[in-house]
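One structure is given here, and the rest of the page talks about it.
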Amino acid sequence: MFGLGYQELLIILVIVLILFGANRLPELARSLGSSVKEFKKGVNEAKVEEPPAKKEEEKKA
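Note that the working numbering has the sequence shown beginning at 6, numbered continuously upward.
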């Protein structure tokens, strides 16, 4: 996972806890999760739209 081990992930988690506090951590996790979900949805939609464009290019050639 990006070349990060357990020690590095633990250090990052501690830094996030110090910066944002334990009270805001669930809110940050929710917003991060929804952002990742929207990103994946956009990528999947782009993949679905891509094949028809390739077919049109092949017809022109």
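Glycine residues also receive a C-beta, built at the ideal position from the N, C-alpha and C atoms.
Requested in this report: Following the continuous alpha helix (DSSP H) through residue 24, name the residue where it begins and the one where it ends.
Outcome: Residue 24 sits at position 19 when you count from the first residue of the sequence shown. 11-25 is the span of the alpha helix (DSSP H), which, as asked, contains residue 24.
Query raised in the report: Nearest-angstrom Cα distance between residue 10 and residue 48?
Result: As a position in the sequence shown, residue 10 is number 5, starting the count at 1. As a position in the sequence shown, residue 48 is number 43, starting the count at 1. Between the C-alpha atoms of residue 10 and residue 48 there is a straight-line separation of about 28 angstroms.
Query - DSSP three-state assignment for residue 47, whether helix, strand or coil - result: As a working mapping, residue 47 is identified with position 42 in the sequence shown. It is helical.
Query raised in the report: What is the DSSP secondary structure of residue 38, reduced to helix, strand or coil?
Result: Indexing the sequence shown from 1 puts residue 38 at position 33. Three-state result, residue 38: helix.
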